[in-house]
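Engineer: Numbered per the working numbering, the sequence shown spans residues -6 to 185. We put the CB at the ideal spot given by N, CA and C, even for glycine. Keep in mind it's a predicted model, so treat the numbers as computed, not measured.
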Amino acid sequence: MKILAVNGSPRELGNTAQMLISVLDFCKERGADVEFFQAGGRAVQGCLACGFCTKKKGKCVTKDWINELYPKMKSADAILLGSPTYFADLTPEIKAVIDRCGYISRADGNSLSRKIGAGVCAVRRAGSIHVLDSIQHFFLINDMIVPGSTYWNMSVARDIGEFSLDDEGVSTMQRLAENIMWLLEMKSTNAK
Ligand SMILES: Cc1cc2nc3c(=O)[nH]c(=O)nc-3n(C[C@H](O)[C@H](O)[C@H](O)COP(=O)(O)O)c2cc1C
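1. Determine contact between the segment 32 to 46 and the segment 76 to 96, defined as no fewer than three beta-carbon pairs at a distance below 8 Å.
2. For ligand 1, any of its heavy atoms closer than 6 Å to the Cβ of Tyr79?
3. Between the Cα of Ala65 and the Cα atoms of Gly39, Thr47, Asp26 and Thr78, which residue gives the shortest distance?
4. Using a 10 Å radius around the Cβ and a threshold of 16 neighbouring Cβ atoms, would you call Thr222 buried or exposed?
5. Decide if the segment 121 to 135 is in contact with the segment 72 to 84; the criterion is three or more beta carbon pairs, one per stretch, under 8 Å apart.
6. Closer than 6 Å by C-beta to Asp101: which residues in its own chain qualify, once you throw out the five before and the five after it? Chain order, please.
7. What are the uninterrupted segments assigned as beta strand (DSSP E) that are 3 or more residues long and contained completely in the segment 90 to 168, given in chain order?
8. Starting from Asp18, follow the alpha helix (DSSP H) in both directions and report where the run begins and ends.
9. If Ser76 and Thr182 are in contact, beta carbons under 8 Å, what's the gap, nearest whole angstrom?
10. Using the DSSP secondary-structure output, state which residues sit across from Ser76 in a beta bridge.
11. Within 10 angstroms of its Cβ, does Ile134 collect 16 or more other Cβ (buried), or is it exposed?
12. Quick check on the DSSP output: the beta strand (DSSP E) that includes Lys(-5) runs from which residue to which?
13. Label Lys108 either buried or exposed according to how many other C-beta atoms from any shown protein chain fall within 10 Å of its C-beta, with 16 as the threshold for buried.
14. To the nearest angstrom, how far is the alpha carbon of Leu(-3) from that of Glu61?
15. With a CB to CB cut of under 7 Å and the five nearest residues on each side skipped, what residues in its chain are close to Cys20?
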């Protein structure tokens, strides 16, 4: 069982990263292979709509880290996309992942089908629901399975480290992690 978390915040150890790591730590303890991928703060281009990925399967014409990330997404059983809230929206790095990995995967035999997908979002005050909706729209159009938690997957946090002070955010991540493992374990049992 492989779980990949993509951090869309440029703050490498910021609240979004800590939320993702809290999920990965739980899943790792339960026996999953986990990987953290830093996307935020790295130069990236939007989709050029050139159609290259429909001809050269699994590849994007633009030579940046998206070509490094896509194979990791393809081989993962569960994918977490994390973004802080920026003007009630997700970061450009996560938007690039959605548009480009989304197009690559659809041209590559709908390679994300039936993987588990969860968004997580840090927010100072408002806009996180829009961020989570955007991420979940990506999962849902790609035939993925989206687990819930006991609240939306967000943490009310501004400065680095404030996630750990948000008890409800911490317990929401904990339950999300439990649900991801529950689904993965069900999936592997049924596959046998
Ligand atoms: C450019 C920018 C825009 C932001 N816009 C919002 C916003 O619309 N709503 C909000 O509640 N917080 C907003 N914030 C605050 C961040 O979402 C908050 O600090 C979050 O914890 C950052 O997560 P990180 O530590 O993972 O980077 C903004 C921060 C930045 C830098």
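Structural biologist: With the structure as the only source:
1. They touch, by the three-pair rule.
2. Here residue 79 refers to the residue found at position 86 when the sequence shown is read from its first residue. The answer is yes for Tyr79.
3. The residue given as residue 65 occupies position 72 in the sequence shown. Correcting the residue identity first, residue 65 is Lys in this sequence and not Ala. Ranking Gly39, Thr47, Asp26 and Thr78 by Cα distance to Lys65 puts Asp26 first.
4. The displayed coordinates of the chain run from -6 to 185. Any statement about residue 222 would go beyond what the structure contains.
5. Yes, the segment 121 to 135 touches the segment 72 to 84.
6. Along the sequence shown, read from residue 1 onward, the residue named residue 101 stands at position 108. Only Lys50 and Gly51 meet the Cβ criterion.
7. 109 to 116 and 147 to 149
8. On the sequence shown, residue 18 is found 25 positions in, with the first residue counted as 1. Taken as a continuous stretch (DSSP letters only), the alpha helix (DSSP H) holding Asp18 covers Asn8 to Glu22.
9. As a first step, residue 76 is located in the sequence shown; it is residue number 83 there, counting from the start. As a first step, residue 182 is located in the sequence shown; it is residue number 189 there, counting from the start. About 32 Å separates the two Cβ atoms, so there is no contact after all.
10. Residue mapping note: residue 76 aligns to position 83 of the sequence shown, counting from 1. The partner list for Ser76 (beta bridge, DSSP) reads Cys114.
11. Residue mapping note: residue 134 aligns to position 141 of the sequence shown, counting from 1. It is exposed - the Cβ of Ile134 has fewer than 16 other Cβ atoms within 10 Å.
12. Position 2 of the sequence shown, counting from 1, holds the residue named residue -5. Counting along the chain, the beta strand (DSSP E) containing Lys(-5) begins and ends at Lys(-5) to Asn0.
13. On the sequence shown, position 115 is the one that residue 108 refers to. Label assigned to Lys108: buried.
14. In the sequence shown, counting from the first residue as 1, residue -3 sits at position 4. In the sequence shown, counting from the first residue as 1, residue 61 sits at position 68. Looking at the two C-alpha atoms, the distance is approximately 13 Å.
15. Position 27 of the sequence shown, counted from the start, is the residue given in the question as residue 20. Cβ neighbours of Cys20 beyond the five flanking positions: Ile(-4), Val27, Ala170, Ile173 and Met174.
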